[in-house]
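Colleague:
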Amino acid sequence: SPSVLFRLIEKYQPTLFVDEIETILRDNEELRGLFNAGHTRDSAFVWRVDTSTDDFEPKRFSVWGMKAVAGINAIKLAETVTSRSIIFELRRKKPGENVDRLRYAEPLLFERLVAQLARFAEDYSDKVRHARPILPDALGDREQDNFEPLLQIAYVAGGHWPDTAVKAALKIAGSVQSNQSTA
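Those letters in the sequence shown? Residues 192 to 374, by this note's numbering.
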């Protein structure tokens, strides 16, 4: 339920992975509000009445954090959700295409990646927070808001990453715009 979810997010600050988002958000404005809350740590919160006390004081709950969602036709979600998202449209593999199966990944691959990401976050979170990458004018204001954290990470990582990240952002944003075009 939304009330459990925003309490969990505030307490544990998890990365939220949600599948079948189109069914979960259908007719659930309170949950949609949680997904729509803020692009910054300071603005990503919801207010709820604290029923654990007799005075029913309003309490602010932080809902800041990474949220990754998946769904069939998720691009058809409400614009209030999609405009706050970086959308990757997936497709089924075509006959004759080969893919590496995750179940056959090398042992400890994901544990090693998690450790490396945690170390990067520990070592560079302050630099990432203060990084101010150049945001491409070809991205709209909301798209700039969406991609800025990823571009901040790329900027701090250095090397080819800033250029690679900008090219990816422009390609992703362009493909979503062309899919949503009515022309």
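Beta carbons: idealized from backbone N, C-alpha and C, even for Gly.
Being a predicted model, the structure only gives us computed values, none of them experimental.
For M257, tell me which candidate among P193, W352, S192 and T206 has the shortest Cα-Cα distance.
Modeller: Here the closest residue by C-alpha is T206.
Colleague: Taking just the CA atoms, how far does W352 sit from S253?
Modeller: Going from the Cα of S253 to the Cα of W352 covers about 31 Å.
Colleague: Alpha carbon to alpha carbon, how far is E270 from N289?
Modeller: If I take the Cα positions, the gap works out to 34 Å.
Colleague: Helix, strand or coil, according to DSSP, for N370 in the structure here?
Modeller: Note that N370 scores 49 on pLDDT, short of 50, meaning its location in the model is unreliable and no value can be drawn from it.
Colleague: Can you name the start and end residues of the alpha helix (DSSP H) that A312 belongs to?
Modeller: It spans L300 to H321 - the alpha helix (DSSP H) in which A312 sits, taken as one unbroken run.
Colleague: Based on Cα-Cα distance, which residue from L304, A348 and L216 lies nearest to L268?
Modeller: Residue L216 is the option with its Cα nearest to L268.
Colleague: Can you find the residues in the same chain that come closer than 7 Å, C-beta to C-beta, to I382, ignoring five residues on each side of it along the sequence?
Modeller: Any question about residue 382 goes unanswered here, given that the chain covers just 192 to 374.
Colleague: With C-beta atoms as the reference, is V237 less than 7 Å away from A228?
Modeller: In contact: V237 and A228 (Cβ atoms closer than 7 Å).
Colleague: Restricting to Cα atoms, I'd like to know which of Q335, L361 and V272 is closest to E220.
Modeller: The residue with the shortest Cα to Cα distance from E220 is V272.
Colleague: May I ask you to report which of helix, strand or coil DSSP gives P327?
Modeller: The answer is coil: DSSP assigns P327 none of H, G, I, E or B.
Colleague: Can you round the beta-carbon distance between E339 and A364 to whole angstroms, since I take them to be within the 8 Å contact cut?
Modeller: With 8 Å as the limit, E339 and A364 do not qualify as a contact, their Cβ atoms being about 13 Å apart.
Colleague: Compute the distance between the beta-carbons of A356 and L342, then report whether it is under 7 Å.
Modeller: Cβ distance < 7 Å, so A356 and L342 count as in contact.
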